[in-house]
Amino acid sequence: MFSLVLLVVTPWLVFCMPPPPPAMCTCSDGTQVPPGGTHSISDCHSCYCDENNSEAQEIIAACLIVPCVDSVKMPGQCCPTCPNGENCRAEFKDDNGVERSEIIKVSDGVVKFNSTECQCDYQNYNGEPKANCVQVLSIEPVIAEKSTP
């Protein structure tokens, strides 16, 4: 009789046990994340625990190049922004031959600095947005006097 009771009780224990808890994922910073959960490692870096295989997936955001030279990265945001709008750096020599560097807005179009005219030109964009500057020479007209015979 003892063996009969054992056979009846054993299946009940097997089928009524709760399933094992899902495996946790370990992120690169050591944080444990449950399946389907997400953990923020930094503003641009997060960790996701895959529900299917309980593997940690690292996600690193890639920011676009910002169209300004005075970009700001706000706390809690991943990518920098241009709080002063789109702009570029104008580097030129002034009328006295002194090297100058000014920030100009794209919306201003052509900006004059005495005899130098600058405009933001993203065609020449290699890293920091730079302006295309040209020196404009003004030529005084010469009026020739008529000679009298």
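When the letters of the sequence shown are read in order and numbered with mature numbering (1 follows the signal peptide of the UniProt record, and there is no 0), they come out as residues -16 to -1, 1 to 133.
Using N, Cα and C, we set each Cβ at its ideal position, and we do this for glycine too.
| Asked | Found |
| --- | --- |
| Tell me which residues share the same chain as C62 and place their Cβ nearer than 6 Å to its Cβ, disregarding the 5 neighbours each side in the sequence. | D27, C28, A45 |
| Assuming the contact rule is C-beta atoms closer than 8 Å, V50 and C72 should be a hit. Round their C-beta distance to whole Å, please. | Actually they do not touch by this definition, with Cβ atoms about 11 Å apart. |
| Return the bridge partner residues of Q103 from the DSSP annotation. | N116 |
| Let me make sure I understand the geometry here. Which of E35, A40, V120, S12 has the alpha-carbon closest to that of P6? | E35 |
| Can you tell me where the beta strand (DSSP E) with T22 in it begins and where it stops? | 22 to 26 |
| Helix, strand or coil: which one does DSSP assign to S91? | helix |
| If you follow the beta strand (DSSP E) that K77 is part of, which residue opens it and which one closes it? | 71 to 77 |
| Who does E42 pair with in a DSSP beta bridge? | C31 |
| Can you tell me which of Q41, V95, F97, E86 puts its alpha carbon nearest to the alpha carbon of S12? | Q41 |
| Between the alpha carbons of S47 and K57, how many angstroms are there, rounded? | As written in the sequence, residue 47 is Cys, which differs from the Ser given in the question. About 11 Å. |
| Give the straight-line distance between the Cα atoms of I88 and C31, rounded to the nearest whole angstrom. | 40 Å |
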